[in-house]
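Read in order, the letters of the sequence shown correspond to residues 190 to 249 in our numbering.
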Amino acid sequence: MPEFACRLSETTTPLRHAWEHTIGSGHAPVALRADWQAQLRRCRAELGVRYVRFHGLLSD
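As structure tokens, then:
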């Protein structure tokens, strides 16, 4: 079993909360649809969405 050590005396760095501006989508090819793109534009304008997470990004 690997050993885990937590040194509380070390300096820390803030955790970047990328998930606060991320939405999940279905499979990547869905993003080619005009209606999906319109919904994403609205999410960006109203919610400040900056990132999209896809499933099957490299699927054929």
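Even for Gly, the Cβ is constructed at its ideal location relative to N, Cα and C.
In three-state DSSP terms, what is residue i?
| i | result |
| --- | --- |
| S210 | In the sequence as presented, Ser is not what sits at residue 210; that position holds His. Note: H210 maps to helix in three-state DSSP. |
| R233 | helix |
| V219 | helix |
Would you check if the distance between the CB atom of residue i and the CB atom of residue j is smaller than 8 Å?
| i | j | result |
| --- | --- | --- |
| A217 | Y240 | no |
| R242 | T202 | no |
Between residue i and residue j, which are expected to be in contact by the criterion C-beta below 8 Å, what is the C-beta distance as a whole number of angstroms?
| i | j | result |
| --- | --- | --- |
| S214 | A223 | The Cβ separation is near 15 Å, so there is no contact. |
Could you tell me the alpha carbon to alpha carbon distance between residue i and residue j, rounded to whole angstroms?
| i | j | result |
| --- | --- | --- |
| G237 | M190 | 43 Å |
| R231 | G245 | 24 Å |
| E235 | L229 | 10 Å |
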